[in-house]
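Quick note: the first sequence uses this note's numbering, first residue 165, plus one each step.
Notes follow the structure.
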Amino acid sequence: MTTLQAINGFKDILPDQIHLWQRLEATATDICRRFGMREIRTPILEKTELFVRSIGEATDVVEKEMYTFADKGLTMRPEATASIMRAFIEHGMHVQQPVQRLYTMGPMFRHERPQKGRLRQFHQFDAEIIGPTEPQQDAELIAMGHLLFSELGVKVSLELNSMGCPKCRPAFRQRLIAGLEGVQDQLCEDCRRRLHTNPLRVLDCKKPGCRALVADAPSIQDALCENCTSHFATLRDTLDLLGIPYNLNRFMVRGLDYYTRTTFEFVTDQLGAQSAVGGGGRYDGLIAELGGPAVSGIGFAIGMERLILLMEQNEKENSAALSDTDIYLAALGPEELKHCTLLAQFLRQQGLRVALDYSGRSLKAQMKIAGRMQAHYTLIVGEQEWAGKEAILRDMQTQQQGGFSLSGSPLEQSERLAVVLRAGSGKSDPA
RNA sequence: GUGAGUGUAGCUCAGCUGGUGGCAGCACCGGGUUGUGGCCUCGGCGGUCGUGGGUUCAAGUCCCUCCACUCACCCCA
C-alpha cells in the first residue's frame, strides 16, 4: 500500500469517538476538583536518566520499551509519575505546600507490540498525592479512582497488596529466593532469570507451572515489618469504612521498581489479555532517590483507552452525537448567500451554533444538510423572500414555519433571530 | 523479539472444488416533490481484489516473497 497511514500502535481518535473522551476527561477533572487535586502538565520529552533512575534499570519498560533519542539522551515519557516528581523537585513545590495533590492526563509512549487495549501511544490519567505518609491517604486516593469508575458506569475490581519497605522487603526477598532455588529447574525460563534479577516478579508469572510452585511460597503480607503491617491494616480498615471492596492479592507485583508498601490495581476481565485498567501504589523513597526532599508519595494511573473500551460496552444506544446546530441558513442565490454569510457571522458572535452551505445546492439538498446537522431551525432565504424582505423561519421539529422580517441591519436581524432561537431551544429540549 | 490469524468500495461484508469483481447493506450525490429534511422509491458515484512474483488457456480464489493490520506470549495502564 503506497498511501500514507498512521504508524503501528499509534491511533487516530475520530470525531465519532470523541464524546467518550470528553466525558472521561470531564468526569475525571470534576472528581479531582472534589478531592482537592490540581492539574499539572509536564513535557512529553524528558532526559532518559529520569526514567532509568525512577522506574528502574532492570524493568521491562526501561530495558526494551522506551522511545529514546539515543544521540540526544532524551526519551518520550512512558509514564507520568517520574515527570511529576521531577517537576515537584525542580520547583521546590514541597516548600510551598507540605502536601501536593496533583493530576495530569496525556499521551505516554511505550514500544511494545500493540494488541487489544495496548498501544504504543496511549493516554493515562494520573493522580499523585505527595507528602503524607498516612495510610488513610492511600485509601482516599483509591476511593477517588473507585468513584471515577463508578461515575463512568464501569465495573472493575480492586486488587490490593503491600510490597513492604526497605526494612522488611530484603529479608522477604532472601526467603523467597531460598525457597524457589530448590525448585528452580521447574520454573519457566523467564522466571529462572528473574529469580536473581527481580525475584518478586516470579510471584505474578502467569504460567501454570510457575503458579503452582509459587502457591507454596511465603506471603509478603506475612513478612512485613511492624510499621508496614500497621500501615497495611489501617489502609484495609479505612477501605472497609468507606465501603470499598478489594481482594487481597499477595501475588500482585508491579513492574516499576519505585513502589513501596501499598500497591493496587483496578482490574477487569473484559479486555482480553489486558486485565489492568488502572494501577499504582506508594513510592516512599522515590523523591529522595531523585535528589529531592525525603517525602513520601502515592499515586496511580488509569489507561484511558482501556477505560474507554469498557465505557463503550455500556453504550448500548449509539450516541454518535453529531453536534446540534441552532440554525441552518439556506440561501438560494448569490445575493441571498452574501446576506446569510454576514448573518452567520453575527449569530456566531452571539454564541449560537450556525451552519450554512456555499455550494449553491438545491433547497432540498440544503434541508437535508440541516436535518443531518440536527438544526433546530432553518432560515430560508430565496428569491421571493429576498425580494419581499421576509425570510421563512422553519422549526425543524414541529415543521411549522413563519415569516422572519429582513428589515433593519443584518446585526439587528441577527439579534432578533437570536431571541427567537433562545426561546425556542428551551421548548424543544424536553422532546 | 516470538507465535497464530486476517487483508475485496469510505465502513460492514458476499464471492462454492480456479471460469467476466457484487442491481449486497450502510454512507455519499442526484431525481421523484416547478423552492422544503428525516420515511419511501428510482438512479448515480465509488475497486490497479494489500504488494511483487510464480503455476495455469484462465487467479479475488492455488503457491512463494514482502508489507500492513489483528490477536496472543512477554510486560504494563
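Where a beta carbon is used, it is the ideal one built from N, C-alpha and C, also for glycine.
Item                                                                                                                                                               : Value
How long is the line joining the alpha carbons of Gly173 and Leu311, rounded to whole angstroms?                                                                   : 30 Å
Is there at least one non-hydrogen atom of the ligand GDP closer than 7 Å to the beta-carbon of Ala303?                                                            : What this structure holds is no ligand at all, so the ligand GDP is not there to describe.
If you run the structure through DSSP and keep just helix, strand and coil, what is Arg586?                                                                        : helix
Use the C-beta contact count for Asn482: other C-beta atoms within 10 angstroms, 16 or more gives buried, fewer gives exposed.                                     : With a pLDDT of 43 at Asn482, under the threshold of 50, the modelled position of that residue is not reliable, and the figure given next carries that caveat. With fewer than 16 Cβ atoms within 10 Å of its Cβ, Asn482 is classed as exposed.
Run the CB neighbour count on Ala484, radius 10 Å, all protein chains shown included, and call it buried at 16 or more, exposed below.                             : The pLDDT assigned to Ala484 is 48, lower than 50, so where the model puts this residue is not dependable; a value taken from the coordinates is nonetheless given after this. Per the 10 Å Cβ criterion, exposed.
What's the call for Leu178, buried or exposed, on a 16-neighbour Cβ count within 10 Å?                                                                             : exposed
Name the residue from Asp194, Gly524, Arg580, Gln260 whose alpha carbon lies nearest to the alpha carbon of Phe510.                                                : Arg580
According to DSSP, simplified to helix, strand and coil, what is Glu481?                                                                                           : Any reading at Glu481 needs caution, since the residue's pLDDT is 44, under 50, leaving its predicted position unreliable; the model's value is listed next. Glu481 falls in the coil class under three-state DSSP.
Using 10 angstroms around the beta-carbon of Ala244, count the other beta-carbons present and answer buried if the total reaches 16, otherwise exposed.            : buried
Please report the distance separating the alpha-carbon of Gly572 from that of Tyr541.                                                                              : 21 Å
Taking C-alpha atoms, which residue in Leu405, Asp386, Leu344 lies nearest to Leu412?                                                                              : Asp386
Please report how far the alpha carbon of Val583 lies from the alpha carbon of Leu570, in whole angstroms.                                                         : 15 Å
Does DSSP put Met531 in a helix, a strand or coil?                                                                                                                 : helix
Taking Ile204 as part of the alpha helix (DSSP H), name the residues at either end of that continuous run.                                                         : No alpha helix (DSSP H) holds Ile204; DSSP gives it neither H nor E.
Smallest Cα separation from Gln434: which of Glu476, Pro457, Thr427?                                                                                               : Glu476
So, for Leu450: in the same chain, excluding its five sequence neighbours on each side, which residues have a beta-carbon less than 7 Å away from its beta-carbon? : Ser218, Met249, Tyr422, Gly461
Quick check on the DSSP output: what are the complete alpha helix (DSSP H) runs of length 4 or more inside the stretch 215 to 278, in order along the chain?       : 224 to 228, 245 to 254, 257 to 260
Sorted by chain position, which residues of the same chain lie with C-beta nearer than 6 Å to Glu315's C-beta, five sequence neighbours on each side aside?        : Thr191
Once DSSP output is grouped into helix, strand and coil, what is the label at Arg580?                                                                              : helix
Can you tell me the Cα-Cα spacing of Val366 and Pro207, whole angstroms?                                                                                           : 34 Å
Please classify His255 as buried or exposed, where buried requires at least 16 neighbouring CB atoms within 10 angstroms.                                          : exposed
Near Gln438, which residues of its chain fall below 7 Å by C-beta distance, leaving aside the five closest residues on each side in sequence?                      : Lys280, Gly281, Arg282, Arg470
Can you give the Cα-Cα distance for Trp185 and Glu390, rounded to whole angstroms?                                                                                 : 44 Å
Between the beta-carbon of Phe233 and the beta-carbon of Gly456, is there less than 8 Å?                                                                           : no
Is Phe199 helix, strand or coil when you go by DSSP?                                                                                                               : coil
By Cβ distance below 8 Å, which residues in the same chain neighbour Leu359 in space, the five residues on each side in sequence not counted?                      : Ile341, Leu344, Glu345, Gln348, Leu351, Val366
Assuming Met308 and Glu189 are in contact, meaning their beta carbons sit under 8 Å apart, how far apart are those beta carbons, in whole angstroms?               : That pair is no contact at about 15 Å.
Among all the DSSP beta bridges, which residues are the ones paired with His287?                                                                                   : Pro271
May I ask which residues mark the beginning and end of the alpha helix (DSSP H) holding Phe396?                                                                    : 390 to 406
Is it buried or exposed, Asp354, if we count other Cβ atoms within 10 angstroms and call 16 or more buried?                                                        : exposed
Could you check where the alpha helix (DSSP H) with Leu312 kicks off and where it finishes?                                                                        : 299 to 315
Rounded to the nearest angstrom, what separates Gly295 and Met240 at their Cα positions?                                                                           : 27 Å
Can you grab the Cα-Cα spacing for the pair Pro262 / Phe415, in whole Å?                                                                                           : 34 Å
Grouping DSSP H, G and I as helix and E and B as strand, with all else coil, what is Thr432?                                                                       : coil
How about Thr489 and Arg525: do their beta carbons lie closer than 8 Å?                                                                                            : no
Where do the ends of the alpha helix (DSSP H) carrying Arg375 lie?                                                                                                 : 372 to 379
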